[in-house]
Every structure is written in C-alpha cells, then in structure tokens.
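**Student:**
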Amino acid sequence: MTQLSLFDLSMRWNSRRASYRPSQEPIDPSQFSVAPIGDAAAREFVIKHHYSGSYPAAIAAYGLFERIAPFQQELVGVAVFSVPMQPKAAAAYGAAPDAKFCELGRFVLKDHVGGNGETWLLSRALRLLAQDKQRPDRRPRYDLCLSYSDPVPRTTADGDLLHIGHVGRIYQAFGNSIYLGRGTARFHWLTRDGSIVSPRALSKLRNGERGAAYAYEFLRSHGAPARALGEPEADYIRRALQEGPFRRMRHNGNHAYVFPCGTHSTRQEIRRRMDKGLPRPTKTDLPLAA
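Throughout the sequence shown, residue numbering follows numbering that gives the first Met the number 0, covering 0 to 289 in sequence.
(1) Express the C-alpha separation of Asp131 and Thr262 in angstroms, rounding to a whole number.
(2) Where does Met273 fall in DSSP's three states?
(3) Under a three-way DSSP split, which group does Thr265 fall into?
(4) Can you look up Thr118 in the DSSP assignment and give me helix, strand or coil?
(5) For Leu218, which residues in the same chain have their Cβ closer than 6 Å to its Cβ, ignoring the five residues on either side in sequence?
(6) Please list the terminal residues of the continuous beta strand (DSSP E) segment that includes Ile58.
(7) Using three-state DSSP, classify His250 as helix, strand or coil.
(8) Excluding sequence positions up to five away, which residues of its chain have a Cβ less than 8 Å from the Cβ of Pro224?
(9) Any heavy atom of the ligand ADP closer than 7 Å to the Cβ of Asp157?
(10) Please list, in chain order, all residues of the same chain as Ala124 whose beta carbon is under 7 Å from its beta carbon, the five residues on each side excluded.
(11) Should Phe186 go down as buried or exposed, given a rule of 16 or more other Cβ atoms within 10 Å for buried?
(12) Output the residue ranges of the alpha helix (DSSP H) runs that lie fully inside the segment 190 to 216 and measure 4 residues or longer, sorted by chain position.
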C-alpha cells in the first residue's frame, strides 16, 4: 500500500466530493476574473459543492469566473466572507479588543481549476472586500480576516470519505497570513451525509434568536423528531440529537490563520499583536491516503 502526502496538493470540490490538484499548477489569468456575486448565487454554489453542505451568515461573496467562450463565462469558485462564529475570537488570538474582523466562512473551487487558482482568487477577494466594505472615513471596515482549515477527515454514516482533511496549505502560501495555532478541541454532531450540525445554529434555536426556525428545519430535514407542544428548546435539542440519526465526532480543533487587512499601520499593528512565531503545520500534520 502506497502512502500519498497531500501537503503539495490543493483541495478541489465537485458535488461535495473532494479531489486534489498540484499546488504549483498554474492557471491562465487571462481566462479568469473575480467579481462580487449575490448571496443567492453564492449560496447555491457552496451548498452544491462544499463538503459542509451549509452556508454561513455572509457579509460579502466573490466569484471566480472562467471564460469558456467569447462573451460567456462560468462560475467556478466562490469566496464567502462571513459574520464570525465567535464574536471574541480575534481578541482571544491577540487582536485588540475593538478590532473589527470577519471570517473566510467558505472557500471552494471546482475540481478542474489549476492549483494556484486558490491564492489568485483569495488575494483578489480580500482586495475587493477592502474596497467594498468601508468605514465612513473610507478606511477598510475590517482590520483582519480569520480563516480556519479542518484537518479531521469526514465520512458519511455509510463510511464514504467526503473530506480527507487539510492544514491550510494555501493560507501558508499566501504571504500575508499569520498562523495562530489550533482551536479548542470539542465534539461535533454529524448528520448521516457528513454535515456538521452547527453549534451556532443550535444556540440560536436554544435561545430563540433570529435563525432559530432555519436551525429547526435543518434538524428535521436530517431526520430529527418533531418538537412537542410546549417542549423547552434545550430539552428538544437534547432529544433531537439523541433520537435522530446523528453521530458524535471528536474534533481536535481547526488550524487558524489571520489575514491582516486595513491600512498599512493597521496591518503592522495586527502583525505585532498576533504573530507569535508559531511553527506552521507540515507534512507530518497531514493525514495520509492510500
């Protein structure tokens, strides 16, 4: 049995199935462009192709378009910047308490796009975000952007491999990034098709926040029982996860990266506060595929 390292490969997606291309494989820039896209188009693309099968609370979305014929182009990648899952995450990693930040909530390219298409899209998407989202004084709204890479393999309930894991190889190749280490280990609940039951969505349902109805429908669509009349939200969530076809998975934490944004002085301040000089993940941190 031959072992294959994925360190020099870039992950791609098609219909929620992962594949890989050589990281140094070039694209032809004359055949691609990056532009803002609507939430509906971004959501449809991400849900169709990304292994998570879910879409975050988007702030802005940018599409990678490939020219396939004169005056005709196809959407082949999406970068979605989103509301942070944890409002204090940036401060926990060392940013100033008042630093404004977002997350790279979803980042997905179709399986035929060349290896360096990721950094090509990411650099342009971050540039457009700084232009499109600004403060009243016309400075970029966000001081930094956090991004996470999930190194834990994910399978369906039937054992089909959806996601072999990755450590953020493209974020390391992106020269402006800072590695922040790994997040907190925790347990996740998975659906039969391998999707994570979002802890944030469960929190919305538990607290009756905006988005609670969507969280309830998500549970129901994946086999959870109906909520009983008058049943407290916390009791229902506990029962739904136990009685539905859900699985618990131990997760040792995602790898976290930051992209300093804003003005030059802001980027310098972010780097001074947050760059701890941690060693970045290497080949030994990656899962191996037969």
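The beta-carbon is built from N, C-alpha and C at its ideal position, and this holds for glycine as well.
**Tutor:** The short version:
(1) When rounded, the separation of the alpha-carbon atoms in Thr262 and Asp131 is 15 Å.
(2) DSSP places Met273 within a helical segment (H, G or I) once states are collapsed to three.
(3) Here Thr265 sits in helix by DSSP.
(4) It is helical.
(5) Excluding sequence positions up to five before and after Leu218, its CB lies within less than 6 Å of the CB of Ala239, all in the same chain and listed in chain order.
(6) Boundaries of the beta strand (DSSP E) around Ile58: Ala57 to Ala68.
(7) In the structure shown, His250 sits in a strand (DSSP, three-state: E or B).
(8) Excluding residues up to 5 positions away in sequence, Arg238, Ala239, Glu242 and Gly243 lie with their Cβ nearer than 8 Å to the Cβ of Pro224 in the same chain.
(9) Absence of the ligand ADP is noted for the structure shown, with no ligands found whatsoever.
(10) Leaving aside the five residues that flank Ala124 on each side, the residues in its chain whose CB is nearer than 7 Å to its CB run, in chain order, Val33, Tyr61 and Ala78.
(11) By the 10 Å Cβ count, Phe186 comes out exposed.
(12) Complete alpha helix (DSSP H) runs here, min 4: 198 to 206.
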